[in-house]
Amino acid sequence: MSGSGGGVGGGGFDYDLPCDNLRFEAQLTSPQPAVVTTLVVAEVLDIVINTINDQVVLQVLKNGQVAGGLAGPDATRLRNCIEQDHQYKATVRLVNSGQVRVLIGHA
Numbered sequence: 077m078s079g080s081g082g083g084v085g086g087g088g089f090d091y092d093l094p095c096d097n098l099r100f101e102a103q104l105t106s107p108q109p110a111v112v113t114t115l116v117v118a119e120v121l122d123i124v125i126n127t128i129n130d131q132v133v134l135q136v137l138k139n140g141q142v143a144g145g146l147a148g149p150d151a152t153r154l155r156n157c158i159e160q161d162h163q164y165k166a167t168v169r170l171v172n173s174g175q176v177r178v179l180i181g182h183a
């Protein structure tokens, strides 16, 4: 059986992966231009859970300002881990024409 899941790039997500080992790369959803233009590669951002219009969402913050959100199966697992009192950070990997890729890892 080969190792898989949770790593950077490709494939399905391994929901049995311990929260301490959760690490993946993602593109921010709904990037906020006023914040995105201030981001630099290798900058470390906060990840929080918020409720917007009765929906629980994951947001990536720079100095308390929303840079964008996280969505998808990896983000669902991340939210579950945060709800279990784990903390994570997002490290900026790429900023290109308003698109932002971040590496999510345990804080």
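Start counting the sequence shown at 77; every next residue gets the next number (the numbering used here). Each residue gets a CB set at the ideal place from its N, CA and C atoms; glycine is no exception.
| query | result |
| --- | --- |
| Length-filtered (4 minimum) alpha helix (DSSP H) runs lying within the segment 97 to 166 | 109 to 112 and 149 to 159 |
| C-beta contact flag for V112 and V176 at 8 Å | yes |
| Spatial distance of N129 from T105 (CA atoms) | 17 Å |
| Cβ-based neighbour list, K138, same chain, cut-off 6 Å, excluding 5 preceding and 5 following | V111 and L121 |
| Per DSSP, the bridge partner or partners of L179 | E101 and T167 |
| For L134, the nearest candidate out of P109, V117 and N156 (CA to CA) | N156 |
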